[in-house]
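Colleague: Just so you know, we're using the numbering used here here: the sequence shown kicks off at 1 and counts up by one. Quick reminder that beta carbons are idealized off the backbone N, C-alpha and C, glycines included.
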Amino acid sequence: MQVLTVCLSGVLLLMSVSVAASELLKRDISEIISKAEFLSYDNVADFIEHSPKVTVFVAPEADDIEQYGSDVMKTLTGSDCDRDGKMDSNPECNAVFYKLWMKYQR
């Protein structure tokens, strides 16, 4: 029973360390995008268009496999509005723009 308790404690400790580490990696977007850069964008669409692009692999659909064969690979390219290396959805990009707007327009 004591071994089980030690193992569970160890697992919980490792999980809390990884959560704490991921929290440390989050950074304030205003440290990356200056006020001058932000003010150069006309609107949120312009901000998204000029954000870095990220490409990810996705599972091919049945039509793709039928047309191109079983070795087909499919990718999606989108914007990385918060500059974290991951593709962001439109609502996520809008939220980043709004956060910057609140900081720089006030």
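On the DSSP bridge list, what partners appear for Gly78?
Modeller: Within the sequence shown, residue 78 is the residue found at index 78, counting from 1. BP columns for Gly78 point to Val54.
Colleague: Using only CA atoms, which one of Cys81, Asp64, Glu31 lies nearest to Val72?
Modeller: Along the sequence shown, one-based indexing puts residue 72 at 72. That would be Asp64, whose Cα lies nearest to the Cα of Val72.
Colleague: For Ala62, report the span of its alpha helix (DSSP H) as first-last.
Modeller: The residue given as residue 62 occupies position 62 in the sequence shown. Where Ala62 is concerned, the enclosing alpha helix (DSSP H) stretches over 62-68.
Colleague: Report the three-state DSSP secondary structure of Asp71 (helix, strand or coil).
Modeller: Locating residue 71 in the sequence shown gives position 71, where the first residue counts as 1. If DSSP states are grouped into helix, strand and coil, Asp71 belongs with coil.
Colleague: Please classify Leu76 as buried or exposed, where buried requires at least 16 neighbouring CB atoms within 10 angstroms.
Modeller: Position 76 of the sequence shown holds residue 76. Burial call: exposed.
Colleague: What does the alpha-carbon distance come out to for the pair Asp42 and Glu61?
Modeller: The residue you call residue 42 lines up with position 42 of the sequence shown. The residue you call residue 61 lines up with position 61 of the sequence shown. Going from the Cα of Asp42 to the Cα of Glu61 covers about 37 Å.
Colleague: Going straight from the alpha carbon of Ile29 to that of Ser40, what length do you get?
Modeller: For the purposes of this step, residue 29 is taken as residue 29 along the sequence shown, with counting starting at 1. For the purposes of this step, residue 40 is taken as residue 40 along the sequence shown, with counting starting at 1. Roughly 16 Å separates the two Cα atoms.
Colleague: Go ahead and label Val96 buried or exposed: buried means 16 or more other beta carbons lie within 10 angstroms of its beta carbon, across all protein chains shown.
Modeller: The residue given as residue 96 occupies position 96 in the sequence shown. Result: buried.
Colleague: Going by C-alpha to C-alpha distance, which of Asp84, Gly78, Phe47, Ile48 sits closest to Val58?
Modeller: Counted from its first residue, the sequence shown places residue 58 at position 58. Cα-wise, what sits closest to Val58 is Gly78.
Colleague: What first and last residue would you give for the alpha helix (DSSP H) that runs through Ile32?
Modeller: The residue given as residue 32 occupies position 32 in the sequence shown. Where Ile32 is concerned, there is no enclosing alpha helix (DSSP H), given that its DSSP letter is neither H nor E.
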